[in-house]
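Taking the numbering used here, the leading residue of the sequence shown gets 1, the next gets one more, and so forth.
Heads up, the beta-carbon is just placed ideally off N, CA and C, and yes, glycines get one too.
Please read these numbers as outputs of a predicted model, since none were measured by experiment.
Down below is the structure, laid out as structure tokens.
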Amino acid sequence: MIESNLDPWPVQALEATLGLPTTPMEAPAELPPLWHWLYFLPTAPRSSIGPDGHVVNQEWVDSTLRRRRLFAAARTEFIRPLQIGLRAQMKERVLGRRDKQGKSGPFQILTVEYQYFQNGALCVREQRDIVYLQGPAVAQPARHDEFAIKTAAADSWVLTLTPDPVMLMRFSALTFNAHLIHFDQLYTQREEGYPERVVHGPLVAIVLARLLALNQVDRCERFEFRARSPLFVNQAIQFTGKSENDRVELRAIGPSGMLSMEATAWLAGGR
């Protein structure tokens, strides 16, 4: 079990990093949805870090697999708010690992559960799917998703954000994420096969969840997201949302109109 005091500074730092609109008010007492990712971070020694910036054999993955590690999806249940400035605990366990075969070869999906406690009570329960792909990314032209474009045009919530190298570097620092694909352009292109530095999946998910507060939604009971395609630095991302009674459907759409991430937020009391 890992403990944290939930210090307010990371919250202030992430707000400064994202630069999203905020309403003047006193400092928040509760962590916004998904911002628990700023805490309970593993502090692996430098000697254990592999050439991609991750811990060698991190996440219990098969050491024989030539990996590209992707935070592909998560399902988060918010049972009660985590209070900023109060001591909290997190424990984790592996739920399962599946071997799959895709267009680019074999890959693994690792599912891990995280539970977050405060004052002895369970506050947040989360399952994360981490995907390990074999070999470099296959170069493909950007996809044009007509469905994403047409449905986004009808969504009532819209926010455009262009992550630059400073934002990616700051987010990597805040989450103690040394994965080189987020800040080393040469490594990203030569070793991983992407055209540019990749925007963090958790960063995209956090902005999608932040749309709730920016549209006066006070409480979220559950948030699920799934990454569909990568986003790259210095390219505009359109974040959209549409409220449907007890839930909000959310999307992150890349510059070519591709659907990059989709999410659903279930609201407390229907709103």
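message: With H, G and I counted as helix, E and B as strand and the rest as coil, what does DSSP make of L110?
response: Reading the sequence shown from its first residue, position 110 is the one you call residue 110. If DSSP states are grouped into helix, strand and coil, L110 belongs with the strands.
- request: Using alpha carbons as the reference points, say which of P230, T162, F117 lies closest to Q238.
  value: The residue labelled residue 238 in the question sits at position 238 within the sequence shown. Answer by Cα proximity: T162.
field: Contact the region 35-49 vs the region 5-15: 3+ CB pairs below 8 angstroms
entry: yes
task: Whole angstroms is fine: what's the gap from L110's alpha carbon to V166's?
output: Taking the sequence shown and counting its residues from 1, one reaches residue 110 at position 110. Taking the sequence shown and counting its residues from 1, one reaches residue 166 at position 166. Distance between the alpha carbons of L110 and V166 is about 30 angstroms.
query: Considering only residues of the same chain and omitting the five flanking positions on each side of R222, which have a CB-CB separation below 6 angstroms?
result: To locate residue 222, count along the sequence shown from 1; it is residue 222. The residues are E77, W266.
field: Cβ-based neighbour list, R247, same chain, cut-off 8 angstroms, excluding 5 preceding and 5 following
entry: Along the sequence shown, read from residue 1 onward, the residue named residue 247 stands at position 247. For R247, where only same-chain residues beyond five positions count, the Cβ hits under 8 angstroms are T264, A265, W266, L267.
Cα-Cα separation, P195 to G201: As a position in the sequence shown, residue 195 is number 195, starting the count at 1. As a position in the sequence shown, residue 201 is number 201, starting the count at 1. Straight-line Cα distance between these residues: approximately 17 angstroms.
query: Does the distance from the CB of H182 to the CB of L168 come in under 7 angstroms?
result: Within the sequence shown, the letter at position 182 stands for residue 182. Within the sequence shown, the letter at position 168 stands for residue 168. Yes, the pair counts as a contact, with Cβ atoms nearer than the cut-off.
query: In whole angstroms, what separates the C-alpha of L211 from that of V198?
result: Indexing the sequence shown from 1 puts residue 211 at position 211. Indexing the sequence shown from 1 puts residue 198 at position 198. For L211 and V198, the distance between alpha carbons rounds to 22 angstroms.
- prompt: Does the separation of the CB atoms of R228 and S260 fall below 7 angstroms?
  reply: As a first step, residue 228 must be located in the sequence shown, where it is residue number 228. As a first step, residue 260 must be located in the sequence shown, where it is residue number 260. In this structure, S260 lies closer than 7 angstroms to R228 by Cβ.
query: Do R125 and Q118 have their C-beta atoms closer together than 7 angstroms?
result: Position 125 of the sequence shown, counted from the first residue, corresponds to residue 125. Position 118 of the sequence shown, counted from the first residue, corresponds to residue 118. No, the Cβ-Cβ distance between R125 and Q118 is not below 7 angstroms.
message: I'd like to check one pair, S172 with K242: are the Cβ atoms closer than 7 angstroms?
response: Mapped onto the sequence shown, residue 242 falls at position 242. Mapped onto the sequence shown, residue 172 falls at position 172. No, these two residues do not count as a Cβ contact at 7 angstroms.
query: Going by Cα to Cα distance, which pick from V112, Q189, R80, A236 is closest to M131?
result: As a first step, residue 131 is located in the sequence shown; it is residue number 131 there, counting from the start. Correcting the residue identity first, residue 131 is Val in this sequence and not Met. Per the Cα distances, V112.
- request: Assign T188 to one of three DSSP states: helix, strand, or coil.
  value: For the purposes of this step, residue 188 is taken as residue 188 along the sequence shown, with counting starting at 1. It is helical.
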